[in-house]
Amino acid sequence: MTTAPQIVKESTLRLGADLPPWAIALVVIVAIAVLALNLRGSRRLSSRMRGALFALRFVAIVGAVVLVFQPTLARQSVARTPGVIAILVDSSESLAIDRRIEKARSFLGRAHGTLAALAPDVRTEYFTFSEELAPSTDERVRLVEPKGRRTRIRHALSKLREGHERAPLAAVILVSDGRDNADWKAVVDAKLDAESVDFLKSLGAPVTTVNVAESNDTPDLAIAAVRRDPLLFVHNEATVEVDVSATAIPKTTLRVTLTHDGRLAGERVLTLKAGASRETVKFTIAPSAVGVSLYTVDVSKLRGESVTTNNTHTFAVRVVRDKIRLLQVAGRPSWDERFFRQLMKQNPSIDLISFFILRTPTDLQLAPPNELSLIPFPTDELFTTALKSFDIVVFQNFDFRPYDMQRYLPRIRSFILEGGAFVMMGGDQSFGAGGYAGTPIEEVMPVAMQNGTAPSATYDVAEVKARLTLEGRRHPLMRVVVDPQQNAALWDALPGLEGLNFVTAKPGGIVVAEHGATRRPIVVAGEAKRGRVLAIATDSTWQWDFLASERAQARSAYVGFWSNALRWLTKDPTLKRIQVEVPEDTVNPGSAVRVNVRLFDESHAPMKRGAAHVDVTCGARKIMHDAVTKESGQAEIDLGALPEGACRVVATSTDVAGESAETAFVVASLGDEMAETRANAALLTALAAETGGLALRAGDSLPASFPRVPPRVTRIEREERIDLWDNIVVLLIIIGALAGEWTLRRRHALA
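First residue of the sequence shown: 1, per this note's numbering; consecutive thereafter.
This is how it looks when you write it as structure tokens:
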């Protein structure tokens with residue numbers, strides 16, 4: 001911004017004689033002494049005559065002093081740059097509390113006349129600010145509505161300084177409640193740090209502050225801050241710290257709750273002191289699924305609160321997988337158990353806990369149990385406290401009955417329904433042969449199990465040949481090679497397996513591999529509410545790996561199958577043919593929300609011109625969008641601005657039947673404008689004190705003499721000098737005055 005200089009005429013009286021200060025003082029003293037002697041010598045005369053003599057002597061002395069000092073009158077045409085008075089009005093949300101914005105408007109109305117009277121020496125500019133500084137006018141600034149999501153006082157002053165580098169600031173008038181929540185959150189004893197003081201000095205103008213929050217007696221409870229790691233690891237515990245602030249409340253005890261997807265994740269009882277206080281409560285969470293998780297913190301509401309929206313805070317955390325924690329329980333050592341365990345141990349992304357039974361409670365023992373080197377099977381520890389720490393539980397040819405595990409089976413069922421993964425691998429101690437028919441485990445498995453006492457009724461030791469079903473050709477479990485034809489040929493070339501458990505697929509169970517001769521299921525995948533289950537009705541898949549030296553592709557089938565199985569069981573999103581993502585987990589209100597949808601064909605190549613459908617639910621508002629993918633297999637959907645709150649996105653496609661993708665995000669302010677309603681009078685006082693301004697309250701009027709920088713003289717256009725002493729008139733006046741005094745003294749016979 002620039003301000004055009006004003007041309008002003010100024011006159012200045014200067015002394016031409018180059019006299020030292022002591023000489024000037026001596027001349028003045030002598031002149032005063034002469035006048036005093038004149039008055040003393042004329043005491044006997046009438047007052048009229050004394051006055052006349054004094055006047056003539058005074059004129060003569062003044063004339064002599066003029067000749068001694070040689071005064072000069074300098075007339076100048078000066079270019080003077082008017083200063084700018086910048087009025088900054090806070091337009092953030094906190095000014096809606098307790099009629100603060102109305103008090104700001106009232107102050108501006110009273111200040112209008114004072115500011116108008118300062119023209120043309122100063123020019124008044126109006127601004128509003130919250131997150132950014134915006135120019136305004138006298139009329140518009142008094143109609144502003146407080147909707148800003150953040151207060152950045154320092155940022156506003158910085159932008160003001162940048163815009164007035166060539167147009168000097170005469171003064172700044174800051175109308176606010178001081179609720180800076182960016183740079184000056186805390187001001188102790190009305191003092192700023194040294195760096196802030198230097199910044200204020202760089203403004204070059206005093207800052208007069210107007211606190212529009214006259215008191216902090218409005219009751220309010222608020223979630224002032226929530227601190228947590230933005231990135232969490234699945235099944236790993238993390239701490240969430242919640243700061244609860246109270247303003248003008250009596251001593252009270254209240255509940256603070258943490259919910260996840262509508263379910264209670266934690267509860268704390270908090271006691272707050274009377275008046276203003278701030279306390280911290282901590283919650284421990286352990287996310288159970290990969291993706292974006294939404295949590296909500298809520299604090300009890302009190303009667304008479306000025307604002308209740310700050311009693312609830314929803315936040316998003318992105319959950320990733322650090323390592324897959326896998327529990328393997330094998331009924332006995334076997335080749336299948338050995339090959340599986342070695343494969344899992346070789347994978348650096350697997351954290352394997354493995355148990356295989358070498359003795360059972362019914363084995364004949366010739367020594368006391370405490371002298372045996374083999375430890376008992378730790379059923380209680382594994383299936384109570386430690387169970388939820390695992391991603392996948394594998395029962396490999398394991399009969400639960402000798403270990404009194406009936407009471408733990410419901411826990412395993414709950415683990416699966418709540419999002420865990422479970423694999424049952426076959427053998428003569430598994431499925432129906434292991435007594436699982438009719439148990440809570442069978443309830444969640446994708447297969448129904450045969451129950452019988454004769455081994456032949458539940459398990460067959462004959463050789464079986466695995467063949468992909470139609471569903472298996474498309475399912476990610478069996479996609480070892482990208483090309484569908486090559487993948488099917490690979491599976492057809494694999495050797496036969498030994499042993500098959502008799503199971504039948506339940507409705508909803510997907511048979512991906514079956515015995516080619518009898519079409520009995522071998523590999524069946526299924527869903528159990530939030531969890532996934534996999535039934536492998538044989539205990540000889542190790543043969544695919546064992547024959548790797550003879551058939552190079554065999555090992556790739558074994559390794560590829562289990563790699564796919566682990567990713568599918570843990571719901572790795574990269575296996576899905578439809579994927580959805582929102583770039584930001586938290587979106588600022590008013591900002592456009594964009595959703596990215598990716599589609600893949602059966603070979604998992606990007607699907608061109610695929611049909612994508614997105615359902616977005618934000619509270620009671622539901623939004624539906626359709627799009628077509630580009631050459632990259634991606635479609636971008638612009639949802640526009642959405643209301644505040646938690647939002648969920650579900651993507652489907654008619655080209656990817658039976659699959660969907662889901663994510664979530666939060667529309668919420670990135671700042672904490674309404675986290676606390678207390679004004680920060682200390683900050684406003686400090687700003688005024690450090691810059692030489694005034695600290696006013698909302699009810700005050702702006703004084704006409706409020707601190708400001710005078711207009712700056714930029715240049716002298718023209719100067720004219722007039723020597724007042726170098727004039728015959730001055731000499732004649734002196735002579736006339738002395739002659740008149742001499743005449744009067746002669747006439748009255750005075751010495």
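For each residue, glycine too, the CB sits at the ideal point set by N, CA and C.
| query | result |
| --- | --- |
| Check the C-beta distance from residue 245 over to residue 224 and give it rounded, since I have them as a contact under 8 angstroms. | 4 angstroms |
| Report buried or exposed for residue 273, applying the criterion of at least 16 other Cβ atoms within 10 angstroms of its Cβ. | exposed |
| Is residue 374 helix, strand or coil by DSSP? | Reliability fails at residue 374, whose pLDDT of 47 lies under 50, so the model's placement of it is uncertain and no value is given. |
| As a quick exercise: from 544, 157, 606, pick the residue whose alpha carbon is nearest that of residue 335. | 544 |
| Using a C-beta cutoff of 7 angstroms, does residue 583 count as contacting chain C? | Among the chains in the structure shown there is no chain C, since it carries only a single protein chain. |
| Does DSSP put residue 290 in a helix, a strand or coil? | coil |
| Taking buried to mean at least 16 other C-beta atoms within 10 Å of its own C-beta, is residue 624 buried or exposed? | exposed |
| Near residue 206, which residues of its chain fall below 6 angstroms by C-beta distance, leaving aside the five closest residues on each side in sequence? | 171, 691, 692, 693, 707 |
| Less than 8 angstroms between C-beta atoms, sequence neighbours within five positions excluded: which residues of the same chain meet that for residue 578? | 597, 598, 599, 600, 612, 651, 652, 653, 656, 659, 660, 661 |
| Could you check what DSSP says for residue 482 in three-state terms: helix, strand or coil? | coil |
| For residue 610, count neighbouring Cβ atoms within 10 angstroms of its own Cβ and tell me buried if that reaches 16, exposed if not. | buried |
| How about the segment 82-102 and the segment 146-159: do they share at least three Cβ pairs that are nearer than 8 angstroms? | yes |
| Alpha carbon to alpha carbon, how far is residue 540 from residue 521? Give it in angstroms, no decimals. | 15 angstroms |
| In angstroms, rounded to a whole number, what distance separates the CA positions of residue 618 and residue 344? | 42 angstroms |
| Does the distance from the CB of residue 293 to the CB of residue 419 come in under 7 angstroms? | no |
| Please report the straight-line C-alpha distance between residue 695 and residue 175, rounded to a whole angstrom. | 10 angstroms |
| What does a CB cutoff of less than 6 angstroms around residue 129 pick up in its chain, not counting 5 residues either side in sequence? | 88, 156 |
| Which residues bound the alpha helix (DSSP H) around residue 159? | 153-163 |
| Going residue by residue through the segment 377-407, where are the continuous beta strand (DSSP E) segments of at least 3 residues, counting only ones entirely within it? | 392-396 |
| If residue 383 sits next to residue 429, beta carbons under 8 angstroms apart, how far is it from one beta carbon to the other, in whole angstroms? | Wrong, their Cβ atoms sit about 18 angstroms apart, outside the cutoff. |
| According to the Cβ coordinates, are residue 446 and residue 506 closer than 7 angstroms? | yes |
| Using DSSP with H/G/I as helix, E/B as strand and the rest coil, what is residue 144? | coil |
| Do the CB positions of residue 266 and residue 254 come within less than 7 angstroms of each other? | no |
| Exposed or buried, residue 307, counting other C-beta atoms within 10 Å across all chains shown (16 or more means buried)? | buried |
| Determine the DSSP secondary structure at residue 62, reduced to helix, strand or coil. | helix |
| Compute the distance between the beta-carbons of residue 524 and residue 509, then report whether it is under 7 angstroms. | yes |
| Of the choices 59, 303, 134, 641, whose alpha-carbon is the least far from that of residue 163? | 134 |
| Sorted by chain position, which residues of the same chain lie with C-beta nearer than 8 angstroms to residue 739's C-beta, five sequence neighbours on each side aside? | none |
| My output table needs one value for residue 418: the three-state DSSP class, helix, strand or coil. | coil |
| Pull up the DSSP beta-bridge partners for residue 579, would you. | 598 |
| Grouping DSSP H, G and I as helix and E and B as strand, with all else coil, what is residue 622? | strand |
| May I ask you to report which of helix, strand or coil DSSP gives residue 442? | helix |
| Tell me which residue opens and which closes the alpha helix (DSSP H) that residue 752 is part of. | Only positions 1 to 751 of the chain appear in this structure, which leaves residue 752 out of reach. |
| Looking at the structure shown, is residue 139 part of a helix, part of a strand, or coil, going by DSSP? | helix |
| Any idea which residues DSSP pairs residue 459 with across the strands? | 501 |
| For residue 328, which beta-bridge partners are listed by DSSP? | 354, 394 |
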